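Take the sequence shown: its position 125, counted from the start at 1, is 124 in numbering that gives the first Met the number 0, and no numbers get skipped.
Beta carbons: idealized from backbone N, C-alpha and C, even for Gly.
Keep in mind it's a predicted model, so treat the numbers as computed, not measured.
Encoded as structure tokens, the structure appears first; notes follow it.
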Amino acid sequence: MPLRRQTDPVRIQSVLRLIFSQPRPPVARCRLLSSGFGPGHMLKVSEDLAGTKACLGCGCCMDACPVLARDAKRLLRAESRTSMALETLVGEDCDRCGNCALACPQVDPTLKHYLVQTHLAEGMAELLAKATSDEMFVIDLALTR
0 MPLRRQTDPV RIQSVLRLIF SQPRPPVARC RLLSSGFGPG HMLKVSEDLA
50 GTKACLGCGC CMDACPVLAR DAKRLLRAES RTSMALETLV GEDCDRCGNC
100 ALACPQVDPT LKHYLVQTHL AEGMAELLAK ATSDEMFVID LALTR
């Protein structure tokens, strides 16, 4: 059972805010925080935000990445379909959309919920504010049923 301080939402949110504020794909670091925030999986300090632990190599993160979708030539440089390959191919060109973390089967639903409810909601609020202040800014939405 996780210790009380490991399930403290404020502590977890501060680490997640740091992860999602960095200009690189967050999927590997989200995976490190997964598995119920247990003592064996919990990151102790923010300097440890790196690693490839538990990557299945399924490539879901690469398939979900809009940077790779826009520039498919980057995929030709990939020797594998892991999150580390994604971080190497995308690097600081990351849009910080969170699609890679949402697509990863190894990232806990708790982290995905935080990503959607907090990080993506904040990003949408910024987009809508920009849309109302800039008449040349257009948001294209595709809705399917």
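Nearest-angstrom Cα separation, counted from residue j out to residue i
{"i": "Ile-18", "j": "Asp-107", "result": "15 Å"}
{"i": "Tyr-113", "j": "Glu-91", "result": "22 Å"}
{"i": "Gln-105", "j": "Ser-33", "result": "7 Å"}
{"i": "Cys-29", "j": "Leu-75", "result": "26 Å"}
{"i": "Arg-16", "j": "Gln-116", "result": "12 Å"}
{"i": "Glu-78", "j": "Glu-125", "result": "36 Å"}
{"i": "Glu-86", "j": "Val-14", "result": "19 Å"}
{"i": "Arg-69", "j": "Ala-63", "result": "11 Å"}
{"i": "Thr-109", "j": "Thr-131", "result": "32 Å"}
{"i": "Cys-93", "j": "Ala-71", "result": "14 Å"}
{"i": "Cys-99", "j": "Pro-65", "result": "9 Å"}
{"i": "Ser-20", "j": "Arg-73", "result": "23 Å"}
{"i": "Lys-111", "j": "Met-123", "result": "16 Å"}
{"i": "Cys-103", "j": "Ile-11", "result": "19 Å"}
N-terminal and C-terminal residue of the alpha helix (DSSP H) that residue i is part of
{"i": "His-118", "result": "Looking at the DSSP string, His-118 is not in any alpha helix (DSSP H), and its letter there is neither H nor E."}
{"i": "Lys-111", "result": "108-113"}
{"i": "Asp-62", "result": "59-63"}
{"i": "Arg-28", "result": "26-31"}
{"i": "Leu-85", "result": "82-89"}
{"i": "Ala-102", "result": "98-102"}
Whole-number beta carbon distance between residue j and residue i, since they are thought to touch under 8 Å
{"i": "Gly-97", "j": "Arg-80", "result": "That pair is no contact at about 19 Å."}
{"i": "Met-61", "j": "Ala-27", "result": "No, Met-61 and Ala-27 are not in contact; Cβ-Cβ is about 12 Å, not under 8 Å."}
{"i": "Val-89", "j": "Leu-67", "result": "7 Å"}
Environment of residue i [buried if 16+ CB atoms lie within 10 Å]
{"i": "Pro-24", "result": "buried"}
{"i": "Ala-128", "result": "exposed"}
{"i": "Gly-37", "result": "The predicted model places Gly-37 with a pLDDT of 45, which falls under 50 and marks its position as unreliable; any figure quoted below should be read in that light. So Gly-37 counts as exposed."}
{"i": "Leu-55", "result": "exposed"}
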